[in-house]
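Those protein sequences? They're chains G and P, same order as listed.
Per my numbering, residue 1 is the first one in the first sequence, and the count goes up by one each step.
Per my numbering, residue 1 is the first one in the second sequence, and the count goes up by one each step.
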Amino acid sequence: MQWLNAIIQGVLLGGLYALLAAGLSLMFGVMRIVNLAHGALAMLAAYIGLVIVQGTGVSPFLAMVAVVPIMAGVGYLLQWGVFNRALRVGGLAPLLAAFGLAVVLTQLLQLKFTSDSQSLQTGSLSIASIQISDDISIGVLPLITFGVGVVVIAALQVFISKAPLGRAMRAASDDPETVPLMGIDNRQVYALSTAIALGTVGLAGMFLAVRGNFDPNYGQAMLIFAFEAVIIGGLGSLWGTLAGGMVLGVAQALGSQVNPSYGVLVGNLVFLAILAFRPSGLLPKAVTA
Amino acid sequence: MTLLQVSGLDVHYGDFQALYSMDLTVAEGETLAVIGANGAGKSTLLKAIAGLVAPSAGEISFDGTSVTTLAAHKRVPLGIALTPEGRRIFKSLTVEENLLVGAHAKRKGPWNLARVYEAFPLVADRKDRVGTNLSGGEQQAAAIGRALMSNPRLLLLDEVSLGLAPVVIEQIYAALPAITSQGTTVLVVEQDVNQSMKVADRVQCMLEGRTVLEGAPADLTRDQIASAYFGI
Ligand SMILES: Nc1ncnc2c1ncn2[C@@H]1O[C@H](COP(=O)(O)OP(=O)(O)O)[C@@H](O)[C@H]1O
Ligand SMILES: [Mg+2]
Chain G
1 MQWLNAIIQG
11 VLLGGLYALL
21 AAGLSLMFGV
31 MRIVNLAHGA
41 LAMLAAYIGL
51 VIVQGTGVSP
61 FLAMVAVVPI
71 MAGVGYLLQW
81 GVFNRALRVG
91 GLAPLLAAFG
101 LAVVLTQLLQ
111 LKFTSDSQSL
121 QTGSLSIASI
131 QISDDISIGV
141 LPLITFGVGV
151 VVIAALQVFI
161 SKAPLGRAMR
171 AASDDPETVP
181 LMGIDNRQVY
191 ALSTAIALGT
201 VGLAGMFLAV
211 RGNFDPNYGQ
221 AMLIFAFEAV
231 IIGGLGSLWG
241 TLAGGMVLGV
251 AQALGSQVNP
261 SYGVLVGNLV
271 FLAILAFRPS
281 GLLPKAVTA
Chain P
1 MTLLQVSGLD
11 VHYGDFQALY
21 SMDLTVAEGE
31 TLAVIGANGA
41 GKSTLLKAIA
51 GLVAPSAGEI
61 SFDGTSVTTL
71 AAHKRVPLGI
81 ALTPEGRRIF
91 KSLTVEENLL
101 VGAHAKRKGP
111 WNLARVYEAF
121 PLVADRKDRV
131 GTNLSGGEQQ
141 AAAIGRALMS
151 NPRLLLLDEV
161 SLGLAPVVIE
171 QIYAALPAIT
181 SQGTTVLVVE
191 QDVNQSMKVA
201 DRVQCMLEGR
211 TVLEGAPADL
221 TRDQIASAYF
231 GI
């Protein structure tokens, strides 16, 4: 039963990874941008949340209502100000721009907030759990995080397959040169894509922040797991990203069950095994790729 | 009335000059065919009109206003639509989604999904297929339909017949009267001279970035066209 418990905890953790990876997957799927600043941006969201919570005394969950649109706005401006220019240059420029952004953003957060750990308190919710049996108890906060991860992925998927903007995003992913002939400005499609992606980063950053302590580097440390989730699931596939997050979470939880220090290691081994034996991922090429 | 006027247009790709002081005029409601051998600069001309390549000199005016420096996506709402060479159907979108993307500019006019399906039964039969799973003829018909969805005043068609079986070319060109009868002005580019002579009110022949011959099909002799086409 301990193993079953580990699997359940792993699945829930996978929801968090998927939430963090959703925006990564979206930006890669639409623009082929590997956003190395994703984790740093998640921390920007967490600190914005912290400022709001400390300034107004509202709960972190209420603060998300402000953090998500703020981050979406950041994404929109970031795309017009940085990534659209980098895409025009082409080659490695978008990757380098993202890398530079990650460094600068992390440094700025350290300057403003120091490297000390911070936390966002959710009161009794942080310890609330549902006892299923003697060995199995499900934390309410991880459950909420998981639910939000699944809902975000599902909502993105529906948006991309049904909404006119989602259609334009897929068209831009297929053949950006032909998109202007439809009367569509690629750069605007990209800006809206990044706005949506960073909206999800806003959620991911806040859920990372309420889960435990965080500091300016924490997001980038978690980013590696998000990347692994995306690649395990198959590049550009949102359902794949969710599956990849869960596979990674379960691998880590099972590893930890054997020995608490094995969690990350086993996760990485599973990731490497997938790269070796199924390099296109579990669910390659769904809608966005 | 003149709908499109191109004057003194130069286009360069790096050091290479593809168009030399091109002049071209299309009257509203007219069908003009631009013919010429591979590499003559036909696609470059259409791309310049659609805004995909920037000219280094010259003017393009549409319905009396200059669009020379206007971005491609802003020309569509004015009524310029290009069906590019190679069709360029969005591969992961279904045929119907391709058509809907084409309607993005929301220009008012006679064309909508139902009308396109009526004009191109080939497209109607395949509306739920993704772009990857279409034959060349189906892609071409869908690409023309997609351009029509923007309700263009000027439809630019690049190499409709390239790589298609004669019977399929026939089917696709059969839809042209339905397009022109709506008052749509058409500029077709073809390597296939016979095909374009059949549909055009006027023919303009290009050679190495310049116009070498123009006139109504009936006024041009085979020899004239052959020598203009091949530069002999
Ligand atoms: N993107 C490009 N870069 C460099 N040269 C090009 C490019 N596109 C076309 N050309 C050159 O410009 C000339 C005209 O090409 P194009 O307009 O495609 O001719 P056509 O459509 O009549 O076959 C050709 O010599 C071609 O090699
Ligand atoms: Mg051509």
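Built from N, CA and C at the ideal position, the CB exists for glycine as well.
Say the cut is 7 Å; is the CB of residue i nearer than that to a heavy atom of ligand 2?
| i | result |
| --- | --- |
| D192 of chain P | no |
| D125 of chain P | no |
| S92 of chain P | no |
| S43 of chain P | yes |
| D215 of chain G | no |
| D174 of chain G | no |
| E30 of chain P | no |
| D158 of chain P | yes |
| E85 of chain P | yes |
State yes or no: is the beta carbon of residue i nearer than 8 Å to at least one beta carbon in chain G?
| i | result |
| --- | --- |
| A43 of chain P | First, the amino acid is wrong: residue 43 of chain P is Ser here, not Ala. Not closer than 8 Å to any Cβ of chain G, the Cβ of S43 of chain P fails to qualify, so no. |
| V189 of chain P | no |
| V95 of chain P | no |
| P84 of chain P | yes |
| P77 of chain P | yes |
| G14 of chain P | no |
| R88 of chain P | yes |
| K91 of chain P | yes |
| A50 of chain P | yes |
| V101 of chain P | yes |
Between the beta-carbon of residue i and the beta-carbon of residue j, is there less than 8 Å?
| i | j | result |
| --- | --- | --- |
| Q2 of chain G | Q257 of chain G | yes |
| N84 of chain G | Y190 of chain G | yes |
| P94 of chain G | L87 of chain G | yes |
| V152 of chain G | T200 of chain G | yes |
| F159 of chain G | G166 of chain G | yes |
| V95 of chain P | R129 of chain P | yes |
| S237 of chain G | L283 of chain G | yes |
| L82 of chain P | V67 of chain P | no |
| L113 of chain P | L122 of chain P | no |
| A18 of chain G | G245 of chain G | yes |
| A22 of chain G | L156 of chain G | yes |
So, is the C-beta of residue i closer than 8 Å to a C-beta in chain P?
| i | result |
| --- | --- |
| A163 of chain G | no |
| P180 of chain G | yes |
| R170 of chain G | yes |
| R88 of chain G | no |
| Q118 of chain G | no |
| G15 of chain G | no |
| R307 of chain G | What is shown of chain G runs 1 to 289, which leaves residue 307 of chain G out entirely. |
| G244 of chain G | no |
| D174 of chain G | yes |
For residue i, write down the residues that DSSP places opposite it in a beta bridge.
| i | result |
| --- | --- |
| V237 of chain P | Residue 237 of chain P is absent from the structure shown; chain P starts at 1 and stops at 232. |
| S66 of chain P | P:S61 |
| T25 of chain P | P:Q5 |
| Y13 of chain P | P:F16 |
| R202 of chain P | P:L32 |
| I80 of chain P | P:L154 |
| R210 of chain P | P:L207 |
| S137 of chain G | G:Q131 |
| Q257 of chain G | DSSP lists no partner for Q257 of chain G. |
| T114 of chain G | Answer is none; T114 of chain G lacks a bridge partner. |
Quick one: is residue i buried, meaning 16 or more other Cβ sit within 10 Å of its Cβ, or exposed?
| i | result |
| --- | --- |
| S173 of chain G | buried |
| L111 of chain G | exposed |
| R222 of chain P | exposed |
| A289 of chain G | For A289 of chain G, the predicted model reports a pLDDT of 39, less than 50, meaning its position is unreliable; a value from the coordinates is still stated below. Classification of A289 of chain G: buried, given that the 10 Å Cβ count is 16 or more. |
| Y47 of chain G | buried |
| G14 of chain P | exposed |
| V89 of chain G | exposed |
| I8 of chain G | buried |
| R278 of chain G | exposed |
| S117 of chain G | exposed |
| I132 of chain G | exposed |
| V287 of chain G | Confidence in V287 of chain G is poor, its pLDDT being 44 and thus under 50, which makes the residue's placement too unreliable to answer from. |
Taking 7 Å as the cut-off, is the beta-carbon of residue i closer than that to any non-hydrogen atom of ligand 1?
| i | result |
| --- | --- |
| A40 of chain P | yes |
| G36 of chain P | yes |
| F230 of chain P | no |
| Y20 of chain P | no |
| Y13 of chain P | yes |
| F113 of chain G | no |
| F99 of chain G | no |
Under 7 Å between beta-carbons, which chain A residues line up against residue i? List them in chain order, please.
| i | result |
| --- | --- |
| G183 of chain G | Protein chains in the displayed structure are G and P, and chain A is not among them. |
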